[in-house]
Structures are given as C-alpha cells and as structure tokens.
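Encoded as structure tokens, the structure appears first; notes follow it.
In this note's numbering, the protein residues as written are 21 to 357.
Laid out in structure tokens, this is it:
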C-alpha cells in the first residue's frame, strides 16, 4: 500500500509540472505561434486601450522580449520564490507563490484567489455532499425497484437535471423560491466560523442548484452500474448463502459500482473547486469563478492565467485523492498499479 501511495504521489508531482508547462505554453508560446508579436502579447496583459508606454513597460516587466526558456524559468521561479515588477522607480514585490500580478488593479493574483477561496470551497463541499449522497441513493433505489413508478420518475428528473443548464435552473430558483414565494433567503456568503446557521442558509439554494445538475448524472451512473452488478454470479452466491438483502446490496453490489463514481466525483469536485463560474455568477457569490469572469470581461490576462493554474492544481490534487481512494474501494488496484 505504501508503494502504491508513493507512486501516485510521484505521478501527481509530475502531472503538476506538466500542467504548469502546458499553462505557460498556452499563455506565452501559443499566441506567438499564431502570429502575435511581442507588442501584441504585451497588450493582452495591459488590458483595454493601452498606451505605447504601458506596452513597453509591460514587455520590460515580464521579460517578453527574452528567450522562451528564460521566460519559463522566470515563470517557475515566480511561483516558488516570488517575483519583482518595476513601476518607474518603484519596485513591487509579488510574494511566493506568485501566480501573477494584475497591472490593471495593481494587486497580486494569489492573495485575491485565497480571499475568495472560502466562498468557492463552501459552495463545492456543500453541493458535493448533496449530489454524491443524493445521486447514489436515488440510483441504488431505482436499480432495486427497476420499472417502478419511483424508477421512472427519478430517471425522468435525472434526465431533466442533465439537460437543463445551471444558469436556467438557477434563475428559476431565484425567481420562484426567493422573489415570488420567499421560501429561501437571498443567497449570500457568511463565514462558517462567524455564524454556521447563516453560512448554511445563505448557500442552500446554490447548493441545491449545483447539486441538481451533478446528482442527475450520478443517479443514472449508479443505476446502470447496480443493474449490471446485481446480475453477477457472486451476487446470486451471496444470496444463496443466506446473507441479508441489505448487506448484499450495500457491500457486494454497491461497492464495485463506486469505482466509476469516485472517478467522476474527483473530476467534478476539482472543477468546482477551480471555480463554479455559472453558479457564482447567477447567485452573485464572490468566489473564484466570478473573479475569473470579471477578469475575462476586463481582459485582465494575469488574473486569468493565475486562476487557470490554480484550478488545474485543484483538479490534479483531486485526481490524486481519487487514485488513493481506489485502493480502498477496490483492493485489486494495489496489485495491478
């Protein structure tokens, strides 16, 4: 087991290095391959309506006229050791980890991401618990009661959940559940340490809206897996041995079905932790996703770069956790890995 964990950790570190390289190539090299000059690339970092002086200053600050290898080294060094930017006679220190510096807002990107992380983290964890537990439970019951009214209604709702985009369901929830009926308070974020009840009540509607999309997929996936698993020979053997039906379903039927569920949960949770863009925008939550949308509207490329790298980091970490969970869900992974 220890060997398996060390291998996965090593693979995770390597994957993070590859992600960092790919991110650098996308933002620094690909535009040049598409025909952009150094001045045009610098314009993307300055923002809208740049002056020639601002463009040249950006080229000097970022070293965009230096060789690509030197730029990549400075990019990596900034992440681990920080970076310095010259503004005339003034020097601005971007402390490590430096994910970039906004030349429009004159703010470091990483502290701004960290400031918004509790909002995104609260949204992701709450919705993740709901869609995982709810989706798996509905899928198991639908598989056990195949063809029943519950099964048909549940799969119909799941199909609607997969088909309807979040900006549509979110606006419907705001219109009917908040403004029309007043059943829910207007979504907002209150720190958990300050008031746990206000924290949960302010996020319950975004949780439900975000979980509705993912829970539908989990219900369909769990139902399909359970139907396949419950027809296996070892399930009939377990029943023939006189095991209780509950144990047969939960231990022998559900556990093998959880392997693909763990995979998609790790991917989905990593994506949401990287910024639930639509959900945060619809419900006006000041998280990482909304921060990225604002940066896109303002053409603030350093912020977009930082959020992209930060989101990729979460996806890689969540995939690493999924690989480790595999060893618990399916012990055969420890032998074959």
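The C-beta atom is built at its ideal place from N, Cα and C for all residues, glycine as well.
Under the three-state DSSP convention, the category residue i falls into
i	result
residue 106	strand
residue 122	strand
residue 201	coil
residue 71	coil
residue 252	coil
residue 127	strand
residue 213	coil
residue 111	strand
residue 84	coil
residue 55	coil
residue 343	helix
residue 207	coil
residue 334	helix
residue 307	coil
residue 138	helix
residue 318	coil
residue 218	helix
residue 117	coil
Status (buried if at least 16 other CB within 10 Å, exposed otherwise) for residue i
i	result
residue 142	buried
residue 106	exposed
residue 203	exposed
residue 216	exposed
residue 288	buried
residue 194	buried
residue 199	exposed
residue 75	buried
residue 38	exposed
residue 230	buried
residue 270	exposed
residue 346	buried
residue 265	exposed
residue 201	exposed
residue 258	buried
residue 65	buried
residue 192	exposed
residue 53	exposed
residue 104	exposed
residue 22	exposed
residue 254	exposed
residue 325	buried
residue 260	exposed
residue 228	buried
residue 169	exposed
residue 29	exposed
is_contact[residue i, chain C] using C-beta, thresh 8 Å
i	result
residue 240	Absent here is chain C; the protein component of the structure consists of one chain.
Test item: CB-CB of residue i and residue j under 8 Å
i	j	result
residue 121	residue 134	no
residue 173	residue 236	no
residue 241	residue 307	no
residue 234	residue 151	yes
residue 70	residue 63	yes
residue 232	residue 189	yes
residue 119	residue 330	yes
residue 84	residue 61	yes
residue 238	residue 176	no
residue 344	residue 99	no
residue 88	residue 58	no
residue 342	residue 286	yes
residue 140	residue 293	yes
residue 36	residue 336	yes
residue 332	residue 323	no
Touch test, the region 120-127 against the region 279-297, Cβ-Cβ under 8 Å, three pairs minimum: Because the criterion of three Cβ pairs below 8 Å is not met, the region 120-127 and the region 279-297 do not touch.
Segment contact flag, the region 210-229 with the region 311-327, C-beta cutoff 8 Å, min 3 pairs: Contact fails: fewer than three Cβ-Cβ distances are below 8 Å.
The region 218-234 touching the region 289-309, judged by at least three CB pairs closer than 8 Å: Of all C-beta pairs linking the region 218-234 to the region 289-309, three or more are shorter than 8 Å, placing the two stretches in contact.
The region 159-168 in contact with the region 238-258 per 3-pair CB rule at 8 Å: Yes, the region 159-168 touches the region 238-258.
Beta strand (DSSP E) runs wholly inside the region 142-196, at least 3 long, in chain order: Listed in chain order, nothing qualifies, since the region 142-196 has no complete beta strand (DSSP E) run of 3 or more residues.
Segment contact, 8 Å Cβ cut-off, at least three pairs: the region 44-54 with the region 88-98: Touching, yes.
Unbroken stretches of the alpha helix (DSSP H), 4 residues or longer, contained in the region 234-299: For secondary structure counted as the alpha helix (DSSP H) over 4 or more consecutive residues, the region 234-299 holds these complete runs in sequence order: 253-260 and 275-293.
At least 3 beta-carbon pairs within less than 8 Å: the region 144-153 vs the region 291-299: In this structure the region 144-153 lies against the region 291-299, because at least three pairs of beta carbons, one per stretch, are closer than 8 Å.
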